[in-house]
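Colleague:
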Amino acid sequence: MTAVANDLVHYGQRLDRLGMCPGTSGNISARIDDRILVSPTGALLGALDADHLSVIDLEGRHLDGPRPTKEAVLHAAVYRVRAEASAIVHLHSPWALAASCLDDLPRDDALPAYTPYYAMRVGVLPRVPYVAPGQPGLADACAAGFEPDARARGVLLDRHGLVTVGSSVGDATAIAEELELAARMHFLLDGRAVTPLTEAERALLA
Numbered sequence: 691m692t693a694v695a696n697d698l699v700h701y702g703q704r705l706d707r708l709g710m711c712p713g714t715s716g717n718i719s720a721r722i723d724d725r726i727l728v729s730p731t732g733a734l735l736g737a738l739d740a741d742h743l744s745v746i747d748l749e750g751r752h753l754d755g756p757r758p759t760k761e762a763v764l765h766a767a768v769y770r771v772r773a774e775a776s777a778i779v780h781l782h783s784p785w786a787l788a789a790s791c792l793d794d795l796p797r798d799d800a801l802p803a804y805t806p807y808y809a810m811r812v813g814v815l816p817r818v819p820y821v822a823p824g825q826p827g828l829a830d831a832c833a834a835g836f837e838p839d840a841r842a843r844g845v846l847l848d849r850h851g852l853v854t855v856g857s858s859v860g861d862a863t864a865i866a867e868e869l870e871l872a873a874r875m876h877f878l879l880d881g882r883a884v885t886p887l888t889e890a891e892r893a894l895l896a
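Note that the sequence shown covers residues 691 to 896 in this note's numbering.
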């Protein structure tokens, strides 16, 4: 688990440097077979310690290490519906969090594909109806957001930010960064004439 633990520390520091995890917000995890390494409760993502990460199982039960983030069950639930995922990033990054508060974004695909990079990285972006942080229903709601469309490599939690899945910690982080950029672009382009990718153009990038 050492290499994966080091990846969680490295990418936690990167997300912190980018200003994507204010305070103790956000959490990050990696799956190793039937175990999940996840950031502890109250942890600063920029100050994770590879020797002091939490270990849970795929049902969200605490197995070892410090007490896990209260969103650990969310990570476990998403891994159960996305067996191919090896890492999950959940952030309250500023632009994605702002986008998650908008009431006029489509439910099945929240943001336009302004760039091919967004289409390739994020795919589609379902919105997950609001459930209070730490409440039992949030994990199931988030997992359900990933189920209908296999192209979705991220979801927006209403008033709660983003969740991304990836083939590695680096991949899930890169998807989160692309999603944050897209959310920022959405605000910068508001009210201007834009030409997002068409469905046909997106299909060529799949």
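Idealized CB from N, CA, C, for every residue including glycine.
Under DSSP, the beta strand (DSSP E) around L781 begins and ends at which residues?
Modeller: First-last of the beta strand (DSSP E) with L781: A777 to L781.
Colleague: Okay, do the region 869-883 and the region 779-793 touch, 3+ Cβ pairs below 8 Å being the bar?
Modeller: Yes, since at least three Cβ pairs between the region 869-883 and the region 779-793 fall closer than 8 Å, the two stretches touch.
Colleague: Locate the alpha helix (DSSP H) running through L847, then write down its first and last residues.
Modeller: Where L847 is concerned, there is no enclosing alpha helix (DSSP H), although the beta strand (DSSP E) it sits in stretches over G844 to L847.
Colleague: Which residue from A862, P823, H752 and D830 puts its Cα closest to that of A842?
Modeller: Of the candidates A862, P823, H752 and D830, the one whose C-alpha sits nearest the C-alpha of A842 is A862.
Colleague: Kindly indicate which residue of L869, R817 and V855 has the alpha-carbon position closest to the one of L792.
Modeller: Nearest of L869, R817 and V855 to L792, Cα basis: R817.
Colleague: Are the CB atoms of D724 and D747 nearer to each other than 8 Å?
Modeller: A contact, by the Cβ cut-off of 8 Å.
Colleague: Identify every run of the beta strand (DSSP E) within the region 730-791, keeping only runs that are complete inside it and at least 3 residues long; order them along the chain.
Modeller: Entirely contained in the region 730-791, the beta strand (DSSP E) runs reaching 3 residues are, in chain order, 744-747, 752-754 and 777-781.
Colleague: Taking the alpha helix (DSSP H) that V694 falls in, what are its first and last residues?
Modeller: Where V694 is concerned, the enclosing alpha helix (DSSP H) stretches over T692 to R707.
Colleague: What does the Cβ neighbour count give for V884, buried or exposed, with the cut at 16 atoms within 10 Å?
Modeller: When all chains shown are included, V884 counts as exposed.
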